[in-house]
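Report on the structure given below.
Protein chains in written order, with this note's numbering: chain A, 5 to 378; chain B, 5 to 378; chain C, 5 to 378; chain D, 5 to 378.
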């Protein structure tokens, strides 16, 4: 990972600001001959798109993706496929609402990146957050849609498991439910309660944090490169790199600190498929930084957005103390739209490591091994 | 980060197995003319060294560091300094106790990386964990000692704040206390209680997890590169890449999910030094992936080691179900020795970003800015 | 350098095919607050643009550059400057002449990349050469225009010094002449002769090779990182990576093999500016991979294009022997348009190393050193 | 390539100075289960080793390689194989002859890197050239020996084809002859003449340049990644990065500039093996940056060493004009020992691209393609 490029072999470089003409990305390293059209990408963008319920920002962006390069319609099959050259993906910005920025142009919103950009670069693009805007994450979702096509059998799903202090009840977990409510919540009852709670937050002009869980199934065993490109290390870096994320866990996560060694270790038996069957998944599918074939489970915490209606004490860029308040449309819970983004980042990391494993090892070794005859 | 190399400009490449002749690393990208001798590195290794109390493994390794390259004694001053060429650091392995590996040679220890290595590479070095051994982390500590010398005014400290279910009392936090007990615990009273608790764990042949907090002070504002090399993203990746780590937080971390936007935002006033003064530090010193000048605060959770005396159900590499038990010396709480390692990883990330910021921006902009005259 | 990304800190990622909707690039790592508009880039593209004389391809492309991101108009000065975030540059393809590809769709043109792409990727985009088209080099020129703005005082110029067997006379070298003829030739007399020669080549439907010399003045001393990122190594890689290039030299180049050690070594005296004055420049401004402050001089050879009217023996993608002939517009000497491309690549390498040197060393050491008092 | 690391997936990081305790390298990314012992590496080092004839430096270095990590003796076969973790290779420096450096400590040798290091880093290790010494290249040769084992069927050979102005006669080329003379010369008659010529050079205390040709056979088609990691671009960068190299060519090289398009294009027929047969090899086995299956042919020019007995005008590091002369042992023609180094660099580049191709494409497409039925 380097500046605006993500990944080592499956490499995603994004660009664009909230209020520029467009945002986009270049996906490099994609294998050739993978069927790919805009229709493979658009559904994921539609999930992340703002303005779909009263619980997310009212900015209206169709987020229509265009593929500018890297595909070719195969003469024989008539199917559009990747060529192995860079995929350029572009989304035009549509709703850069012209507004009065005088309130925030010079004053920093507490918890927002404006001060940090100023002190780093000597300037910042205050229009809609500039490069620090969540709009950049649309390209992560687009890249994630490509990543999903690279690893055969991979399924990456995510769900919101907590808003503010309100958790889901895991005994009611139903993946199908995730598509049925505006929160990507796997627990229908919790979703109903969250609607009430978040209406209250929204009406106060306040904001709420959230926790998201990502589950990747069908991850081939053997992915992850010790010691500085561990699969969990790369997932943690990728998820912590999403806007507003403050914590990341794998498997049992922080709770593992309270377990005994006996309880934490995932015991093994042989499964009917001739592969090992783990009796628990505290490891979250990763041992020694390498995938084991169990589902990879990660969670991340999103802070409440700093765009709130209550005035906060702050300073301006000229060193004067002042107060600031954020007007206009905003997300009462940015964690909701982080669900498809988290999925995408995990998919990108797995695709990258899938290619890396294929590079170093070629075809993975067949396990179990044959016992040598003495 | 790539395979066994860590960092982009301050680059650390480590090598070596638990039971090979030596472990070592190459530190590339270090600025020239920095005074450096083994004496700058050894004290940090001594903190990490095993066998210093009954609460860590009894393996006896002096861990004596040698600098093989990259330094030169300046003719004029007679002081040994870095030359800007790669520093090679080497530690000979001394106590590779010859022992009988027949019990674990073929059977996987639940929670240990053996199965993952086998399914990735088709073989694994079972002697002391091979490359997955915590011995590799000695080189992280050595590299961290170099990193500390690169950033003027940087101070990185860490402390153990929880063992098993037992937390410190933050009202008793005293950094000086950290040097006074075998746990790097900032709370003398908690340390005493931990000794009893961990004696019990040790006698049962069990193991306990832990949580470590790292605090970096003197971090220049402006470090961290949006959007895929954020300072918090890189710290999360680095800490999650330490053996046995299952969770990472920055600032308020997972607790931020339960805060309101009003409570979470760190308000700003002007300090007496003409720089901003933040009224809280929920951000952990990082906004938008960029350091703000506040202390950078990170926490990470370490799982209990899988090396325990209680037999666990497992399979062997030939697909047979069996039981396994780990005999011999082991760490009842590997989290203790993770304290200097966590410090080192954070120091390396900061040094890397210090060089990156200098590359892109040169001298950092002077804040506050001068108000333009109209 | 990696796939479609060039550079380590000044990073250029290009995308696009000859006959797709657009070509573009992302320039990442650019310092902030550098004044930049399309007008800084367009003149260099205009030099490379096809269709400007009868000696280059008649494809008509205005090559109008658009900056999609990474700039912001400074509130105080009203000047558009870089923000430090990625610059996305885009050129729409206009003249993708619809034509009949049946002649070359299946049959490989000898000397062309079609076979290589097929055997690598299992398919290739035959329309105008796809990704292998020289159109990609437009983005190198655009990135080079940005690179030039990064290094204070840098001037990178290039000239064509040989077409086919016809060399310039160095005693007549006049940089001003380079702008006066369609060949970027510094020798007016040679340019006149080349016009006749190349008319003959063109009328025969043949093609000619060429040699280009790039001279970079104002290169700060100390750029280049031993041992695997030497300035000359990176320049060689960059120039050899231009389409159709078969050889690269620095300074005396291949002729150095015939010199004696006495004649080859560039002796040194002190200049009036207190810096060393070299009495010759066989080194081409680089010693040990590091710039010395002398002009950096590189040359590269471009082969005659494989697009010729004479039928050549070949095979098709199904393994049948056949003949092929290239119809339609083409460049009789692709080396001409390689002149601005060579300039751009050298500028990009120097900008990258300028940032790298600033990262590792900060302010360069002041030479000569002060003699220590004994 | 970055500072002291070479390669993207097959990554070699070297360290060490001429007069430090040791030189070494870390080879990362090597596939697992490749049989490897010191005996696979030592023969290549023995070819490069100094002091083997009167035509190379008389420094006596046994250059005995030790593998410190990354190998394991397979329990079943008893064969030592790579594990997939980093290989650390070490050579102790033995003959760091203690000598009087006062003559060159402060004065720059024209053509030598001392001035460049000083102006870059503010100091340089003058003992035997420090990091700029050719001793570093021993580790390239060692890494090259590992690279050769990665690509099945690869054979990389090199020969000296010119010393000073004296070329070989290609009609007498005999690879077997290369092992029979101290010059790696494929032409026995030329070798005899060179001995006389070089004796004269040596006795005068002068030095001679040279040209080396590297030929890689068995390179799988499809290696090389457009557009910034072309196989020829990476080879050019790698060869230009060898000490004292001033020029690099692929295939017809600079001579291609004088060929017509008709003569330069390598026509194709079908071979008896069902693969294409090229009727010439002006391309040097590479089209569009991608290997075609033909032998990859590269040449590079080595300048005469700057270590000569004739006094040269120079300056010292304090800005005084002076003369300098190099005493003691030296290579009259450093190009001789560059032969195994050039082989090694080409082998490393090919191994790196072999892994990259496997990552992106997996199993290469089977050519010729099957004609689709209409």
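Ideal Cβ placement from N, Cα and C applies to all residues, glycine included.
Quiz item: Based on the DSSP secondary-structure assignment, which residues constitute the bridge partners of residue 170 of chain D?
Solution: Here residue 170 of chain D is taken as the residue at index 166 of the fourth chain, counted from 1. Answer is D:167, bridged to residue 170 of chain D.
Quiz item: Between the segment 306-319 of chain D and chain C, which residues of the former have CB atoms less than 8 Å from a CB of the latter, in chain order?
Solution: 306, 307, 308, 309, 310, 311, 312, 314, 316, 317, 318, 319
Quiz item: Where does the unbroken alpha helix (DSSP H) through residue 206 of chain A begin, and where does it stop?
Solution: Counting from 1 along the first chain, the entry for residue 206 of chain A is found at position 202. Counting along the chain, the alpha helix (DSSP H) containing residue 206 of chain A begins and ends at 192-207.
Exercise. Check whether the segment 16-29 of chain B touches the segment 330-349 of chain B, taking contact to mean three or more Cβ pairs, one atom from each stretch, closer than 8 Å.
Key: no
Self-check item: Three-state class that DSSP yields for residue 258 of chain C in the structure shown
Solution: In the third chain, residue 258 of chain C corresponds to position 254, counting from 1. DSSP places residue 258 of chain C in helix when its eight states are reduced to three.
Quiz item: Which residues bound the beta strand (DSSP E) around residue 280 of chain D?
Solution: Your numbering for residue 280 of chain D matches position 276 in the fourth chain. That run of the beta strand (DSSP E) goes 280-282.
Quiz item: In the DSSP assignment, what are the bridge partners of residue 68 of chain D?
Solution: Taking the fourth chain and counting its residues from 1, one reaches residue 68 of chain D at position 64. Per DSSP, none; premise fails for residue 68 of chain D.
Self-check item: Cβ pair residue 150 of chain B, residue 45 of chain B closer than 9 Å
Solution: The count along the second chain starts at 1 and reaches residue 150 of chain B at position 146. The count along the second chain starts at 1 and reaches residue 45 of chain B at position 41. The answer is yes: Cβ separation under 9 Å.
Quiz prompt | Run of the alpha helix (DSSP H) containing residue 46 of chain A, from where it starts to where it stops | solution = Along the first chain, one-based indexing puts residue 46 of chain A at 42. Residues 42-52.
Practice problem: Go ahead and pull the three-state DSSP assignment for residue 141 of chain A. | Solution: Start at 1 with the first residue of the first chain, and residue 141 of chain A comes out as number 137. Residue state, collapsed to three classes: helix.
Quiz item: To the nearest angstrom, how far is it from the Cα of residue 295 of chain C to the Cα of residue 109 of chain A?
Solution: Locating residue 295 of chain C in the third chain gives position 291, counting from the first residue. Locating residue 109 of chain A in the first chain gives position 105, counting from the first residue. So the alpha carbons of these two residues sit roughly 43 Å apart.
Quiz item: Are there 16 or more other CB atoms within 10 angstroms of the CB of residue 213 of chain B, so buried, or fewer, so exposed?
Solution: For the purposes of this step, residue 213 of chain B is taken as residue 209 along the second chain, with counting starting at 1. Buried: at least 16 other Cβ atoms inside 10 Å.
Quiz prompt | Straight-line Cα distance separating residue 81 of chain A from residue 207 of chain C | solution = Working through the third chain from its first residue, we reach residue 207 of chain C at position 203. Working through the first chain from its first residue, we reach residue 81 of chain A at position 77. Their backbone Cα atoms lie some 40 Å apart in a straight line.
Quiz item: Applying the criterion that 16 or more other CB atoms from any shown protein chain within 10 Å of the CB defines a buried residue, is residue 77 of chain A buried or exposed?
Solution: By one-based count along the first chain, residue 77 of chain A stands at place 73. It counts as exposed.
Self-check item: Identity of the residues DSSP links to residue 274 of chain D by a beta bridge
Solution: Position 270 of the fourth chain, counting from 1, holds the residue named residue 274 of chain D. According to DSSP, residue 274 of chain D bridges with D:280.
Exercise. Inspect the CB distances between the segment 230-245 of chain A and the segment 224-244 of chain B and report whether three or more fall short of 8 Å.
Key: yes
Practice problem: Would you identify the three-state DSSP class for residue 219 of chain B, choosing helix, strand or coil? | Solution: Mapped onto the second chain, residue 219 of chain B falls at position 215. The answer is strand: DSSP assigns residue 219 of chain B an E or B state.
Self-check item: chain A within 9 Å of residue 31 of chain B, Cβ atoms only
Solution: Here residue 31 of chain B is taken as the residue at index 27 of the second chain, counted from 1. It does not; no Cβ of chain A falls within 9 Å.
Exercise. Return the residue from the list A:170, A:173, A:191, A:171 that minimises the CA-CA distance to residue 180 of chain A.
Key: Stepping through the first chain from its first residue, residue 180 of chain A is reached at position 176. Checked all of A:170, A:173, A:191, A:171; the closest Cα to residue 180 of chain A is A:191.
Quiz prompt | Cutoff 9 Å: residue 52 of chain C Cβ touching any chain D Cβ | solution = Translated into the one-based positions of the third chain, residue 52 of chain C becomes position 48. No, residue 52 of chain C does not count as interfacial toward chain D.
Quiz item: Quick one: what does DSSP say residue 321 of chain A is sitting in, helix, strand or coil?
Solution: The residue given as residue 321 of chain A occupies position 317 in the first chain. Three-state result, residue 321 of chain A: coil.
Exercise. Just confirm the distance between the C-beta atoms of residue 147 of chain D and residue 337 of chain D, as a whole number of angstroms; I'd bet it's less than 8 Å.
Key: Translated into positions along the fourth chain, residue 147 of chain D becomes position 143. Translated into positions along the fourth chain, residue 337 of chain D becomes position 333. Wrong, their Cβ atoms sit about 24 Å apart, outside the cutoff.
Self-check item: Residue environment, residue 184 of chain A, which counts as buried when at least 16 other CB atoms sit within 10 Å
Solution: The residue labelled residue 184 of chain A in the question sits at position 180 within the first chain. The residue is exposed, with fewer than 16 neighbouring Cβ atoms inside 10 Å.
Quiz item: Would you say residue 241 of chain A and residue 240 of chain B are within 9 Å of each other, going by their C-beta atoms?
Solution: Against the first chain, residue 241 of chain A aligns to sequence position 237. Against the second chain, residue 240 of chain B aligns to sequence position 236. A contact, by the Cβ cut-off of 9 Å.
Quiz item: Once you ignore the five residues that flank residue 284 of chain B on each side, which residues in its own chain have a CB closer than 6 Å to its CB?
Solution: For the purposes of this step, residue 284 of chain B is taken as the residue at position 280 of the second chain. The answer, listed in chain order, is 270.
Practice problem: Quick one: which residues of the segment 240-268 of chain C get their C-beta closer than 7 Å to a C-beta of chain D? List them in chain order. | Solution: 240, 241, 244, 245, 250, 251, 252, 253, 254, 255, 256, 257, 258, 260, 261, 262, 263, 264, 265, 266, 268
Exercise. Kindly give me the distance between the Cβ atoms of residue 154 of chain B and residue 38 of chain B, rounded to whole angstroms, as I take these residues to be in contact under 8 Å.
Key: Walking along the second chain from the start, residue 154 of chain B turns up at place 150. Walking along the second chain from the start, residue 38 of chain B turns up at place 34. Yes, they are in contact, since the Cβ atoms of residue 154 of chain B and residue 38 of chain B sit about 7 Å apart, within 8 Å.
Practice problem: Taking all protein chains shown into account, decide if residue 230 of chain B is buried (16 or more other Cβ within 10 angstroms of its Cβ) or exposed. | Solution: Locating residue 230 of chain B in the second chain gives position 226, where the first residue counts as 1. Buried: at least 16 other Cβ atoms inside 10 Å.
Quiz item: For the segment 349-364 of chain A, which residues have a CB atom closer than 8 Å to at least one CB atom of chain D, in sequence order?
Solution: 359, 360, 362, 363, 364
Practice problem: Run down chain B in chain order and give the residues with a C-beta less than 9 Å from the C-beta of residue 35 of chain C. | Solution: Along the third chain, one-based indexing puts residue 35 of chain C at 31. Chain B residues near residue 35 of chain C: 363, 364, 365, 366.
Quiz prompt | contact_flag[the segment 312-323 of chain A, the segment 256-276 of chain B] where n(CB pairs < 8 Å) is 3 or more | solution = yes
Exercise. For residue 394 of chain A, count neighbouring C-beta atoms within 10 Å of its own C-beta (all shown protein chains included) and say buried if the count is 16 or more, exposed if not.
Key: With chain A covering 5 to 378 only, the question about residue 394 of chain A has no answer from this structure.
Quiz item: In its own chain, which residues sit with a C-beta less than 8 Å from the C-beta of residue 297 of chain A, not counting the 5 before and 5 after it?
Solution: Taking the first residue of the first chain as 1, we reach residue 297 of chain A at position 293. Taken in chain order, the residues that qualify are 223, 224, 225, 279, 280, 289.
Quiz prompt | Assigned exposure category for residue 166 of chain D - 16 Cβ within 10 Å defines buried | solution = As a working note, residue 166 of chain D is residue 162 in the fourth chain. Label assigned to residue 166 of chain D: buried.
Quiz item: Apart from the five residues on each side of it in sequence, which residues of its chain come closer than 6 Å, Cβ to Cβ, to residue 43 of chain B?
Solution: As a first step, residue 43 of chain B is located in the second chain; it is residue number 39 there, counting from the start. Result list for residue 43 of chain B: empty, nothing under 6 Å.
Practice problem: Tell me, please, whether the CB atom of residue 233 of chain A is closer than 9 Å to any CB atom in chain B? | Solution: Here the question's residue 233 of chain A lines up with position 229 in the first chain. For residue 233 of chain A, the answer is yes, since a Cβ of chain B falls inside 9 Å of its Cβ.
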